[in-house]
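In order, the protein sequences belong to chains A and B.
One point on numbering: in my numbering, the residue at position 96 of the first sequence is 106, and numbering is uninterrupted.
One point on numbering: in my numbering, the residue at position 359 of the second sequence is 1373, and numbering is uninterrupted.
Shown next, in structure tokens, is the structure this report addresses.
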Amino acid sequence: MNLTVKIWRQQSAAAQGQFVSYQVKDITPDMSFLEMLDVLNEDLTGKGEPPVAFENDCREGICGSCGFLINGVAHGGRRGTTVCQLSMRFFKDGDSLVLEPWRARAFPVLRDLLVDRSAFDRIIQAGGFISAPTGGAPDSNAILVPKDSAETAFDAAACIGCGACVAACPNAAAMLFTSAKITHLNSLPQGQPQRHQRSLDMVAAMDAELFGSCTNHGECEAVCPKKIPLEFIGRMNRDLLSATLHRHRS
Amino acid sequence: MTLESKIPSGPIEQKWEKSRFDMKLVNPANRRKYSIIIVGSGLAGAAAAASLGQQGYQVHCFSFHDSPRRAHSIAAQGGINAAKNYRNDGDSIFRLFYDTVKGGDFRSREANVYRLAQISVNIIDQCVAQGVPFAREYGGLLDTRSFGGVQVSRTFYARGQTGQQLLLGAYQALEEQIAAGSVQMHTRSEMLDLVLVNGKARGIVTRDLVTGAIEGHAADVVVLATGGYSNVFFLSTNAMASNCSAIWRAHRRGALFGNPCFTQIHPTCIPQTGDYQSKLTLMSESLRNDGRVWVPKQKGDHRKPGEIPESERDYYLERRYPSFGNLVPRDVASRAAKEVCDEGRGVGPGGQGVYLDFADAIRRMGVELVKEKYGNLFEIYEEITGEDAYKVPMRIYPAPHYTMGGLWVDYQLMTTIPGLFAAGEANFSDHGANRLGASALMQGLADGYFILPYTVPNYIASNTLEKVDTSRPEFAAVRDEIDKRVAKLVSIRGKRTVDSIHRELGKTMWQNCGMSRSAESLQCALAKIPNLRQEFWNNVNIVGTGEELNQSLEKAGRVADFLEFAELMCIDALERRESCGGHFRVESQTPEGEARRDDADFSYVAAWEWKGEGQPWEVHKEPLTFEYVHLAQRSYK
Chain A
11 MNLTVKIWRQ
21 QSAAAQGQFV
31 SYQVKDITPD
41 MSFLEMLDVL
51 NEDLTGKGEP
61 PVAFENDCRE
71 GICGSCGFLI
81 NGVAHGGRRG
91 TTVCQLSMRF
101 FKDGDSLVLE
111 PWRARAFPVL
121 RDLLVDRSAF
131 DRIIQAGGFI
141 SAPTGGAPDS
151 NAILVPKDSA
161 ETAFDAAACI
171 GCGACVAACP
181 NAAAMLFTSA
191 KITHLNSLPQ
201 GQPQRHQRSL
211 DMVAAMDAEL
221 FGSCTNHGEC
231 EAVCPKKIPL
241 EFIGRMNRDL
251 LSATLHRHRS
Chain B
1015 MTLESKIPSG
1025 PIEQKWEKSR
1035 FDMKLVNPAN
1045 RRKYSIIIVG
1055 SGLAGAAAAA
1065 SLGQQGYQVH
1075 CFSFHDSPRR
1085 AHSIAAQGGI
1095 NAAKNYRNDG
1105 DSIFRLFYDT
1115 VKGGDFRSRE
1125 ANVYRLAQIS
1135 VNIIDQCVAQ
1145 GVPFAREYGG
1155 LLDTRSFGGV
1165 QVSRTFYARG
1175 QTGQQLLLGA
1185 YQALEEQIAA
1195 GSVQMHTRSE
1205 MLDLVLVNGK
1215 ARGIVTRDLV
1225 TGAIEGHAAD
1235 VVVLATGGYS
1245 NVFFLSTNAM
1255 ASNCSAIWRA
1265 HRRGALFGNP
1275 CFTQIHPTCI
1285 PQTGDYQSKL
1295 TLMSESLRND
1305 GRVWVPKQKG
1315 DHRKPGEIPE
1325 SERDYYLERR
1335 YPSFGNLVPR
1345 DVASRAAKEV
1355 CDEGRGVGPG
1365 GQGVYLDFAD
1375 AIRRMGVELV
1385 KEKYGNLFEI
1395 YEEITGEDAY
1405 KVPMRIYPAP
1415 HYTMGGLWVD
1425 YQLMTTIPGL
1435 FAAGEANFSD
1445 HGANRLGASA
1455 LMQGLADGYF
1465 ILPYTVPNYI
1475 ASNTLEKVDT
1485 SRPEFAAVRD
1495 EIDKRVAKLV
1505 SIRGKRTVDS
1515 IHRELGKTMW
1525 QNCGMSRSAE
1535 SLQCALAKIP
1545 NLRQEFWNNV
1555 NIVGTGEELN
1565 QSLEKAGRVA
1575 DFLEFAELMC
1585 IDALERRESC
1595 GGHFRVESQT
1605 PEGEARRDDA
1615 DFSYVAAWEW
1625 KGEGQPWEVH
1635 KEPLTFEYVH
1645 LAQRSYK
């Protein structure tokens, strides 16, 4: 199949960007979306034009490196799929596609479709961990974890930190990402000692990075490649309220 | 040069304890005066960085990714082994040790493997304390399953995303240390070379992948935790950016390379579909617990799988290996798949595939239970192939997956360059000629959490380390070499893309140094590689400059190193005229076509020394002795 792909080209963070249209030819249905871009890049390189920069690594939907908007939808809109897993069999000959980087103040564009998501790491630094210095752990079966708590923790821990939730949110909120980590750790017995401080600190860090606030659009859940549910934002808000009420005296 | 493995004396079960006691300590108040560079932030790198940061050293961790959480450890699916014996099914530290030595086809060091088995139990404790959401029983206890190549249930898992969850645990511990100021994280920063001062590793030179700046970083110790080299085959299950450059550059600076020909071809991957394909996707081998592998009995049987009656199917693993059946180790399963495909009985487009069938499992357990155990893998399969594996059997084929070879290290995980350590997949230790399933996560975390935090301080305490900074001429000299190399790469402006040359190298390696190797095939590869290297340096086309974010340039540097490394891999494979583990020499097989090891001549680690550009390598041999596990031909019949 042959496609027209309009791609955001921007040489550096400081440079002005613009859309450029390309024709991509002889794409087969068993290629992945990124392999289609590989074909385009081989072609551009042959012509001496700079290839399109986009982030990717594992190409199996787990590292969280990849992600951009296809026709305005993060990861292309197929439920539970990162853009690296997206197959070209869902497109047809003559399709016209627009590719854009994540758009959010907290995610500055570094080049073309590639953005800086280090704000996510700083949210984790604020409290997205259980302090367990190496060596001091009790026997692993000494801590019983109810199966449903473990399942909830896992559902939340499945987040790959790709940033699609932020890109899809009209407010560029990072609440799905932050609530996933808070839900993961706060659901487990091991996470209880730091529960309140974690909730307070991670939400504060999220605000400091200039992410917006949730106004219940649910766009984040719709595009999340790991199907993290909106419900976790509710849990985070409850945990935050509870943490505020339980603040220790200083 | 003599290889000193520094294995402690005494009974095997006391070696690690004894050596921990013998190791020198650094006073807590002095620790912050010492700096440690850790390259890589996967399981081994992140675990070491977090643990050494907690102890109070100044740690600098480098990753070429945008975040340490992207490291390829994240993609491991199946699980992590530990000799907890929670199942009361006969497991023990000795049995895990025994299985690993045997599974590695007697080409690993007993002392290292025993230590790994001992530490395995601490790893699970550590990870649970960090909040890793392992699978649980209804009573709240940890669940385990059995995994490729063993007969006890010792594999702990977190659905099909065990690597992700373990890496996030280590990443979170690392981020906590970054916040505390004990670790400084350098993301989007790729190590391009190692700097030695007076014979000791004292720093690295990196390229800032956003600005292109070439920078020196000095430290007292350098740890490489930079993963394996499966991408020498171009198509592998490794991530796109996984590469051998860090260990290769260290090799060129004097670190010996151990057993480069030991690579693992994983039996259960989705078959290749076309020439444009960029990578192969693994289906966890936990699927082999319940799936049955088969091909048609007749050559060229193109009927749909459902139309082939039971009597015309060949469940070849169950037939050839009745006691292990579908759970034979990876090397055996991969080779058997290749054989049936070579006989013309392969299935799917191009005949390069075998069936992995869940029909019996679904009849036995019901579709719901199959879904609970493997649901995410079936989804991945359907996304890629468009086929529903609940209705038609999966098609699988072997693919390069893991590399047992790596930098030669002693018992302390130090390379032959003083002050340079290698951990995780980047070193050669522990797995011998074949790695058992669920052992990579175990080894990465053992090295990072529980070995380096003892051996690195011991090195610091036992050596006088003069103050070194990046103004030394040694740093300027390496920076200058890198500047020249980058300038050369962007000035070639030839006709071929980096990928096209990498693809050609990969094809050569897969055909000649892949699942089976012969003197003839290896000679053929050795004739081709230098030409391809020349083609690269004369005809590659890299658009753009070195002073910007330039992904083609990043790839080019890695491929240039693969083009050198590939030659050593073939030389090692040629020299080892026996079959062992993942290394199958067609000249060395039993009449039934099983691998035949040659302990009289090849019971050693081949450690290769770089002698300079255009000079032949020199091989050093570390003999392997087996006191606790009786040497035997592996049999899974």
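In this text, a Cβ means the ideal position worked out from N, Cα and C, and glycines have one as well.
Which chain C residues sit within Cβ distance under 7 Å of residue i?
i	result
residue 1192 of chain B	In the structure shown, chain C does not exist; the protein chains are A and B.
How would you label residue i, buried or exposed, when you count the other beta carbons within 10 angstroms and need 16 or more for buried?
i	result
residue 1176 of chain B	buried
residue 1091 of chain B	buried
residue 1382 of chain B	exposed
residue 1035 of chain B	exposed
residue 1469 of chain B	buried
residue 254 of chain A	exposed
residue 1526 of chain B	buried
residue 202 of chain A	exposed
residue 220 of chain A	exposed
residue 1117 of chain B	buried
Taking residue i as the query, report the chain A residues whose CB atoms sit under 8 Å from its CB, ordered along the chain.
i	result
residue 1557 of chain B	54, 55, 58, 59, 60, 61
residue 1007 of chain B	For chain B, the structure presents residues 1015 to 1651; residue 1007 of chain B sits outside this window and is missing.
residue 1152 of chain B	157
residue 1155 of chain B	151, 154
So, is the C-beta of residue i closer than 8 Å to a C-beta in chain A?
i	result
residue 1414 of chain B	no
residue 1385 of chain B	no
residue 1402 of chain B	no
residue 1142 of chain B	yes
residue 1139 of chain B	yes
residue 1042 of chain B	no
residue 1565 of chain B	yes
residue 1282 of chain B	no
Since residue i and residue j are thought to touch, with beta carbons under 8 Å apart, how far apart are those beta carbons, to the nearest angstrom?
i	j	result
residue 1564 of chain B	residue 1510 of chain B	The Cβ separation is near 17 Å, so there is no contact.
residue 1417 of chain B	residue 1244 of chain B	6 Å
residue 1414 of chain B	residue 1298 of chain B	In fact, because the Cβ distance is near 16 Å, the residues do not count as touching under 8 Å.
residue 1120 of chain B	residue 1617 of chain B	7 Å
residue 1467 of chain B	residue 1069 of chain B	6 Å
residue 177 of chain A	residue 115 of chain A	So it is not a contact: roughly 12 Å between Cβ atoms.
Since residue i meets chain A, which of its residues come closer than 9 Å, beta carbon to beta carbon?
i	result
residue 1288 of chain B	38, 40, 41, 45
residue 1467 of chain B	144, 145
residue 1639 of chain B	None at all; the shortest Cβ gap to chain A is about 32 Å.
What are the residues that DSSP puts in a beta bridge with residue i?
i	result
residue 33 of chain A	A:14
residue 1310 of chain B	B:1327
residue 1585 of chain B	Per DSSP, none; premise fails for residue 1585 of chain B.
residue 1408 of chain B	B:1370
residue 1577 of chain B	Note: residue 1577 of chain B sits in no beta bridge, so no partner.
residue 1205 of chain B	B:1220
residue 1230 of chain B	B:1219
Check the Cβ-Cβ distances between residue i and every residue of chain B, and say whether any is below 8 Å.
i	result
residue 237 of chain A	no
residue 192 of chain A	no
residue 149 of chain A	yes
residue 76 of chain A	no
residue 252 of chain A	no
residue 104 of chain A	no
residue 91 of chain A	yes
residue 221 of chain A	no
residue 187 of chain A	no
What in chain B is Cβ-close to residue i, meaning under 9 Å?
i	result
residue 130 of chain A	1081, 1083
residue 261 of chain A	A query on residue 261 of chain A cannot be resolved here, the shown segment of chain A reaching from 11 to 260 and no further.
Listing by chain order, which chain B residues have their CB less than 8 Å from the CB of residue i?
i	result
residue 65 of chain A	1080
residue 198 of chain A	1145, 1147
Residues of chain A with a CB under 7 Å from the CB of residue i: which are they?
i	result
residue 1293 of chain B	69
residue 1240 of chain B	Result: empty, since nearest Cβ-Cβ is about 14 Å, beyond 7 Å.
Give me the chain B residues within the contact set of residue i, using Cβ-Cβ distance strictly less than 7 Å, ordered along the chain.
i	result
residue 143 of chain A	1068
residue 115 of chain A	Those within 7 Å of residue 115 of chain A in chain B number zero; the least Cβ separation is about 17 Å.
residue 139 of chain A	1186, 1187, 1189, 1190
Any heavy atom of the ligand COA within a distance shorter than 7 Å of the CB on residue i?
i	result
residue 164 of chain A	With respect to the ligand COA, the structure shown offers nothing to examine, as it has no ligands at all.
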